[in-house]
Structure formats: structure tokens, C-alpha cells
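Enquirer: Dropping a structure here in C-alpha cells format, bear with me for questions.
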């Protein structure tokens, strides 16, 4: 795969009205991300010929490769953006792909990035098995590193992702969910793979323990802020720009940050009305929410929280020397900040 | 957990009319198997408190712990039946439990060992995630060994199990399935975890490479023979003795060894009739099969093949010194041989 092949992603994002903020960091690591793509595609050959075709299909779900990009940038910021960072980025992306395949079964999703999902194409039995295969392959690759910590971190973050999903499922429609619990759940569900991506990128570059921890915290916060953005987008985004079905969280009983803010800022009588609507288990019209309580304020408050978390993330980079990679990491948080801005009322 | 707690399994088997052939090897490793049980139960605490309860439930699916028993016996036969063998046995049993949780979703099974399955109790979403958590935890434990080969083998055999299941699903109702393909598929689906159990038990005891390979081959053949027995049992077993629903393989289009034998030994006109029945995708009355071709002969031939494979397995033990553990491994194959005998016409 040549480097040009990574560009359509960036173009798609631009054409989807997303700020150009990621262009610089992605150009910096573009060559390495092409290696990640090649590496992911090559994994299909590690499987039985009868299974290879399915794996190839999943590996064509290209995505933005944000996690591998973070591994490579974090490694670069610690002195190495080379083969080990490409490999760990690939491992983490395979874990991510495995969770997507399993998510699509649970959500009954038909399309992902304009391609039929594995479960829509071949049914849930095959999706369960295929996700498992990808996951096993990722762990096999992780255990090829001499340093055991690598596979320990990868497997424990994979476990955290699944546990986060379980907790989220468990707390659906639970109007007593606290902000603290929300952040813990999204930290597990989304933050942990980001955190492992940056931590291990740095570790493989030979960074010392405190630097690894700073980069882990950076990744965790970037992941959490990304999830906050995604949660706001579900309420205020435009489907044609987001490229996915929106307004599904509330129908599924997912109480996200803006909704928790809305509940917290309501008077008792507003809260009663809100709860009644939230428990209907039906898609809720945003205008209905806005008619009850301070909807815009809740979104703006969530956006501000997301930006505070990004500022905290940036502070974890202060231990690093000024390099284009360190700057690239800051541009990632800058980009996420500008995405959050698009959600403001 | 005290040692007595392992005995009900053995008693259940006896009361189910299964020969006492496993009593000696299981008594030899009984104390260590209690440690495996404790270890498995303790894993629940490695999870978030909100997830722990589900994991505990799965870990109560006690089973025969045949894979951990093989790890401990193989280790003992190579000079060590200690903590490392208990730990690798636990890891492999957790992978096995993860595959059971996922299998039950795919089969729509309601009960497993007289307990409601996870999917019957909490639905398929939770089952997918819970299987993933168990799998991730197993891999995390595997990567705690200093020797990377341990986690590589565990993840590659986990991948083989899933790939074997995919191939089996793919070849349902495929009347061109060859005997060779059947053995390759069951080798992946069932043999690979058995092979890893014995190989790594030996490796952790410090066995040399040829001995590890012999024990790997031994485990692989025991696993394959076990699957041949299970396939025969599905056709000829009595449900009240087997403790599970039988006569389901053909309805699902699984062409097992006795059925492949039946097809191979039929005349062209018999084969036409058989194929017609097999493609109905309905439970087939065994008498119908027997009315068409040499049903009893096909079962007896599969049984004989299973016993030949067990004899080959035993030959892989010839490199080992004569110890009670080596004898215990032979008693496992002897026990499987006597199970196969119960399927004879």
C-alpha cells in the first residue's frame, strides 16, 4: 500500500466538514500508518485459507487509525517512531476491530463506514467467532514482544473495554448514575485502549517509567474527551456530516454526559418530567428535552468539560522535549477541542 | 475449597454409567485440581465489582477440568506437577470457559451442566462481552509467565479453536467434506487446546523440545479421539446417561466421522437417498439412516478409528520415564478407549 492510500480518510473527514486539525499529525505519521494498514492486511494470511476471506473483509474497515497514530506519535515524542510502534499500533487496532465486530452484533448494526457489517453479511455466529479470532491474533502478536508487559497491558485493556461495555449495559436507564460513574465507565470502554496505545508507544521507545505514565494518562484523557464528543454528537450532530445514525443513545438508555448534566441542573418537577421521558425506551425528540429543561446549557457544559479534560491531557506532555511528534500529540487534542466546539449551541 | 469438592464430578460420572477409568489419574492430581478450581474462582476478583458476579456464575460451571488435569499430569510426567502447571491449566480452562459461553449463544442453548446458560440468563449481548472478558483475563494470566512462548501458544490455540468452529460452520451440509478435512477441523476445534495443555505442562516442567513435541502430539490426539467419541455419542448415546441433548449434529448439518463413513461406504443409489435426507436440515431419525445403509458398521468403524488414534497417542509417551503421572496419562487414553467402546453396536 502506498502512502496515497491513507489520504482518502483525511479527505473524507474534510469533506464531512471536520476541521483540518489532524492533517499535520497524520502527515507526520502517514508513512507509518500505511505500514499499519499493510500489517493489518497481512494478518489475514496468518489464518486458515477458509477463514482468511472473512478476516480480509474486516480489515478493510479502514477507519481513521487514530489509536495506531497515537502509538507512533507517542513513540516519536520519546525518541522512536519505528517498527515497534507500528506493530503495537497494529495490535491495538486489531483489538479495536474485534470489539467493533462484536459491538455490531449487539447493536444489530447493518452498516459500518458504508460497508455491510460482518453480522449483517454472515450472521451473528460468524461474527462472534471472527471477533474472537481477531482478538486472539492481536494477543498472539503482542506476545511476540520480548517484554511481557506489552501483552499484559494489551490484554488488560481489552478486558477493560469489555467490562466498560458490561457496566454501561448494566446501568442503562439507571437515573441514579453519577457523573463519577459515567467517567469511570467511558474510561474503561474508550479510554483504556487509547491509554495503552500511547503508553506502549512510549515504552517501546525506551521512555522511563514516569514518562510512560504521563503518556498513559494523556491517552486516557484523550480517549475520554473523544467519548464525550461522541456522546454530544449523538444529540446535536447532523447525520449527513457524522456519517452514522445519531439520536440512538437515549433510546438505548445510555445516559451520557449532556443528559447527566440536564438531570443535575433540573428542578425537581423538571426532573420528574425528564425521567418519565427517559424511561419510555423510545427515541426522544431533542425538542422535547429542550422544552423541559436547559438542554443547550447541558450540551455547552459537557463541551466545556471535554475541553478541560483535553487541557489536562496536554499538561501530561510537559515532561517531553519539544519535537514535531510532541507537537503532533498536541494537535490531536487541539483537533478534538475543535470537534467539541462544533457541538456548542 | 477442599479436595472433597472435586469428588462430586467423579461421582456424577460414575452415576452416569461412565467407567471408573479416570478415578486413578484424577485422584493423583485431585489436590492440584482443587487449586485450579480455587484459582478459577479467584479470577472473579480481578474484575470490576459490577462484573464480578457474572464471572463467578460462569466459573461455577465446574465441568471435568480435563484440560487442567492433562497439564498437571503432563508436567508430572516431566518432573513437575506444581504451581506453574496449575496456573497454565487454569489459563486453558478459562479459554475453554470463554468458548463455552460464546458457543451457547450460537447454539441458543438454555442449559449447560444443569445450570441456565449465560445467554439464557442475561441475553446474548452480555454473553459476548463476558466471553471476551474471560478470554482477555486468560491471556493476561498467560503473559504473567516470563517465557513468552506460553502466551503465544495460548493465543494461537485459542485462535485455532475459533477458526475450527468457523470452518465447521462453513462446511455444514457440505457432502463433499473429506475425512481429512474433518480431522483437520476437529484438530483445530478440540485438539488444539488439549495439545497446548499437555505441551505447556511439560514445557513449564523444563522438558526438552522433543519431549514437549511428543506431549503436544499426545494432547492433540487425545483431543481428536475425544471429539470422535462425542460425535459418536451424538448418534448412539442415551440422553439420560449423557446428561445433554443428543441427535443435534445432523440437524445442524455437522457431518461427523460416523456419517462420513456412512456416506463413503454407500452405493451410489444409497448415497443419493442419504444425501436427500441429510440436506433436509431436520433432526434425522437414526432408524431412517440405518434403513438406508450400514449404520452400525459406520459407527463401529469410527470407534475403531478413535481407538487407533488413542494408540498413537500412547506411543508419544514412550519417551517418558515410567512414573505414576505417565501411567495417569495412559489411563486417560484408556478411559477414552472405554468410552468409545460404549458406542459399539
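Chains as they are written, first to last, in this note's numbering: chain C, 1 to 345; chain Z, 1001 to 1345. Note that the Cβ used here is the ideal one computed from N, Cα and C, for glycine as well.
(1) Have a look at 1318/Z, 1047/Z and 1234/Z and flag the residue whose alpha-carbon is nearest the alpha-carbon of residue 1303/Z.
(2) Look up residue 49/C in the DSSP assignment and say whether it is helix, strand or coil.
(3) When you compare the CB positions of residue 1129/Z and residue 1182/Z, do they come within less than 9 Å of one another, or not?
(4) Could you tell me whether the Cβ atoms of residue 277/C and residue 288/C are closer together than 9 Å?
(5) Could you tell me which residues DSSP puts in a beta bridge with residue 112/C?
(6) Exposed or buried, what is residue 45/C when buried is set at 16 or more other beta-carbons lying within 10 Å of its beta-carbon?
(7) Please list, in chain order, the chain Z residues whose beta carbon lies closer than 7 Å to that of residue 170/C.
(8) Taking only runs that begin and end inside the region 240-303 of chain C, name each unbroken beta strand (DSSP E) of 3 or more residues, in chain order.
(9) For a test of the three-state rule: what should DSSP assign to residue 1026/Z, helix, strand or coil?
(10) Compute the distance between the beta-carbons of residue 117/C and residue 126/C, then report whether it is under 9 Å.
(11) Beta-carbon of residue 227/C versus every beta-carbon of chain Z: anything under 9 Å?
(12) Check the Cβ-Cβ distances between residue 311/C and every residue of chain Z, and say whether any is below 9 Å.
(13) Please report the straight-line C-alpha distance between residue 47/C and residue 54/C, rounded to a whole angstrom.
(14) By Cβ distance below 8 Å, which residues in the same chain neighbour residue 1155/Z in space, the five residues on each side in sequence not counted?
(15) For residue 105/C, which three-state DSSP category applies?
(16) At least one CB of chain C closer than 9 Å to the CB of residue 1162/Z: is that the case?
(17) For the alpha helix (DSSP H) that residue 230/C lies in, which residues bound it at each end?
(18) Excluding the five sequence neighbours on either side, which residues of its own chain have a C-beta within less than 6 Å of the C-beta of residue 71/C, listed in chain order?
(19) Closer than 8 Å, Cβ to any Cβ of chain C: which residues of the region 1119-1137 of chain Z, in chain order?
(20) Would you kindly work out how many angstroms separate the C-alpha atoms of residue 148/C and residue 299/C, rounded to a whole number?
(21) Taking 6 Å as the limit between beta carbons, can you name the residues of its chain near residue 194/C, skipping five residues before and five after?
(22) Would you please state the rounded distance, in angstroms, between the beta carbons of residue 1068/Z and residue 1332/Z? I believe it to be under 8 Å.
(23) Report the rounded CA-to-CA distance for residue 239/C versus residue 245/C, giving the unit in angstroms.
(24) Kindly indicate which three-state DSSP category residue 1140/Z falls into: helix, strand or coil?
(25) For the 8 Å Cβ check, are there 3 or more pairs between the region 223-232 of chain C and the region 93-101 of chain C?
(26) Going along chain C, which residues have a C-beta under 7 Å from residue 1106/Z?
(27) Kindly say whether residue 1148/Z, judged by its beta-carbon, lies nearer than 9 Å to any beta-carbon of chain C.
(28) Given residue 1122/Z, which residues of its chain have a CB within under 6 Å of its CB, disregarding the five upstream and five downstream residues?
(29) If you check the beta carbons only, do residue 1150/Z and residue 1097/Z fall under 9 Å apart?
(30) Does any C-beta atom of chain Z lie closer than 9 Å to the C-beta of residue 144/C?
(31) So, does the CB of residue 1326/Z fall closer than 9 Å to a CB anywhere in chain C?
(32) Between the region 1056-1090 of chain Z and chain C, which residues of the former have a C-beta closer than 7 Å to a C-beta of the latter?
(33) Apart from the five residues just before and just after residue 217/C, which ones in its own chain have a Cβ nearer than 7 Å to its Cβ?
(34) Give the residues of chain Z in contact with residue 47/C, contact being defined as C-beta atoms less than 8 Å apart.
(35) Closer than 8 Å by beta-carbon distance: list the chain C residues that pair up with residue 1376/Z, in chain order.
(36) Closest by CA to residue 306/C, which one among 335/C, 27/C, 327/C and 285/C?
Expert: A quick look at the data gives this:
(1) As a first step, residue 1303/Z is located in the second chain; it is residue number 303 there, counting from the start. If we check each option's Cα against that of residue 1303/Z, 1234/Z comes out closest.
(2) Along the first chain, one-based indexing puts residue 49/C at 49. If DSSP states are grouped into helix, strand and coil, residue 49/C belongs with the helices.
(3) Position 129 of the second chain, counted from the start, is the residue given in the question as residue 1129/Z. Position 182 of the second chain, counted from the start, is the residue given in the question as residue 1182/Z. No, the Cβ-Cβ distance between residue 1129/Z and residue 1182/Z is not below 9 Å.
(4) In the first chain, residue 277/C corresponds to position 277, counting from 1. In the first chain, residue 288/C corresponds to position 288, counting from 1. It is a contact, given that the beta carbons lie within the stated cut-off.
(5) Here residue 112/C corresponds to residue number 112 of the first chain, with the count starting at 1. Paired residue(s): 115/C.
(6) Residue mapping note: residue 45/C aligns to position 45 of the first chain, counting from 1. The residue in question, residue 45/C, is exposed, as its Cβ has fewer than 16 Cβ neighbours within 10 Å.
(7) If you number the first chain from 1, residue 170/C lands on position 170. Going along chain Z in sequence order, the residues near residue 170/C (Cβ under 7 Å) are 1050.
(8) none
(9) Residue 1026/Z sits at position 26 when you count from the first residue of the second chain. In the structure shown, residue 1026/Z sits in a helix (DSSP, three-state: H, G or I).
(10) As a first step, residue 117/C must be located in the first chain, where it is residue number 117. As a first step, residue 126/C must be located in the first chain, where it is residue number 126. No, the pair does not count as a contact, with Cβ atoms beyond the cut-off.
(11) The residue labelled residue 227/C in the question sits at position 227 within the first chain. So no, residue 227/C is outside the interface.
(12) The residue given as residue 311/C occupies position 311 in the first chain. Not one chain Z Cβ lies under 9 Å of residue 311/C.
(13) Taking the first residue of the first chain as 1, we reach residue 47/C at position 47. Taking the first residue of the first chain as 1, we reach residue 54/C at position 54. So the two alpha carbons sit approximately 10 Å from each other.
(14) Start at 1 with the first residue of the second chain, and residue 1155/Z comes out as number 155. Around residue 1155/Z: 1139 and 1142.
(15) On the first chain, residue 105/C is found 105 positions in, with the first residue counted as 1. Residue 105/C: helix per DSSP, three-state reduction.
(16) Numbered from 1 along the second chain, position 162 holds the residue referred to as residue 1162/Z. Yes, its Cβ sits closer than 9 Å to a Cβ of chain C.
(17) Numbered from its first residue, the first chain carries residue 230/C at position 230. First-last of the alpha helix (DSSP H) with residue 230/C: 209-236.
(18) Here residue 71/C refers to the residue found at position 71 of the first chain. Cβ neighbours of residue 71/C beyond the five flanking positions: 85, 88, 89, 197 and 201.
(19) 1124, 1125, 1126, 1128, 1129, 1130, 1131, 1132, 1133, 1135, 1136 and 1137
(20) Numbered from 1 along the first chain, position 148 holds the residue referred to as residue 148/C. Numbered from 1 along the first chain, position 299 holds the residue referred to as residue 299/C. One C-alpha to the other measures close to 43 Å.
(21) Reading the first chain from its first residue, position 194 is the one you call residue 194/C. If we look at residue 194/C and ignore the five residues flanking it on each side, its Cβ neighbours are 219, 222 and 223.
(22) Taking the second chain and counting its residues from 1, one reaches residue 1068/Z at position 68. Taking the second chain and counting its residues from 1, one reaches residue 1332/Z at position 332. The Cβ separation is near 12 Å, so there is no contact.
(23) As a working mapping, residue 239/C is identified with position 239 in the first chain. As a working mapping, residue 245/C is identified with position 245 in the first chain. Answer to the nearest angstrom: the Cα atoms are 6 Å apart.
(24) Taking the first residue of the second chain as position 1, residue 1140/Z is located at position 140. Helix at residue 1140/Z.
(25) Segments in contact, no.
(26) Walking along the second chain from the start, residue 1106/Z turns up at place 106. Result: 125 and 128.
(27) Residue mapping note: residue 1148/Z aligns to position 148 of the second chain, counting from 1. True, the Cβ-Cβ gap to chain C drops below 9 Å.
(28) Taking the second chain and counting its residues from 1, one reaches residue 1122/Z at position 122. Answer for residue 1122/Z: no residue qualifies.
(29) Residue 1150/Z sits at position 150 when you count from the first residue of the second chain. Residue 1097/Z sits at position 97 when you count from the first residue of the second chain. The criterion of a C-beta distance shorter than 9 Å is not satisfied by residue 1150/Z and residue 1097/Z.
(30) Here residue 144/C corresponds to residue number 144 of the first chain, with the count starting at 1. Yes, because at least one Cβ of chain Z sits closer than 9 Å to the Cβ of residue 144/C.
(31) In the second chain, residue 1326/Z corresponds to position 326, counting from 1. Chain C, which has no Cβ nearer than 9 Å to the Cβ of residue 1326/Z, makes this no.
(32) none
(33) The count along the first chain starts at 1 and reaches residue 217/C at position 217. Cβ neighbours of residue 217/C beyond the five flanking positions: 316.
(34) As a working note, residue 47/C is residue 47 in the first chain. Correct list: 1159 and 1163.
(35) Nothing about residue 1376/Z can be read from this structure; chain Z reaches only from 1001 to 1345.
(36) Along the first chain, read from residue 1 onward, the residue named residue 306/C stands at position 306. The shortest C-alpha separation from residue 306/C is found at 335/C.
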